[in-house]
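Asks: This is the structure I want to talk about, given as structure tokens.
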């Protein structure tokens, strides 16, 4: 369940995604992964090479 703080945090991450990487939105399932990380949920992410795992963990630190 999202609260106002997590929605604001996700907006900040999306702004960083646009500013630093030039993408307007996350690909599926990146948005869900980032939302879980922002809510401090443990996440095990298994995706193919080049699937976009690294950006999920990198852009929440910007």
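Numbering (my numbering), first residue to last: -6 to 55.
All C-beta atoms, glycine included, are put in the ideal place defined by N, C-alpha and C.
Which residues bound the alpha helix (DSSP H) around residue 28?
Replies: 23 to 31 is the extent of the alpha helix (DSSP H) around residue 28.
Asks: Helix or strand or just coil, what does DSSP make of residue 37?
Replies: Reduced to three states, the DSSP call for residue 37 is coil.
Asks: According to DSSP, is residue 15 helix, strand or coil?
Replies: In this structure, residue 15 counts as coil in the three-state DSSP scheme.
Asks: Alpha carbons only, please: which of 24, 18 and 7 is nearest the one belonging to residue 36?
Replies: Among 24, 18 and 7, the Cα nearest to that of residue 36 is on 24.
Asks: Would you identify the three-state DSSP class for residue 5, choosing helix, strand or coil?
Replies: Three-state DSSP puts residue 5 in a helix.
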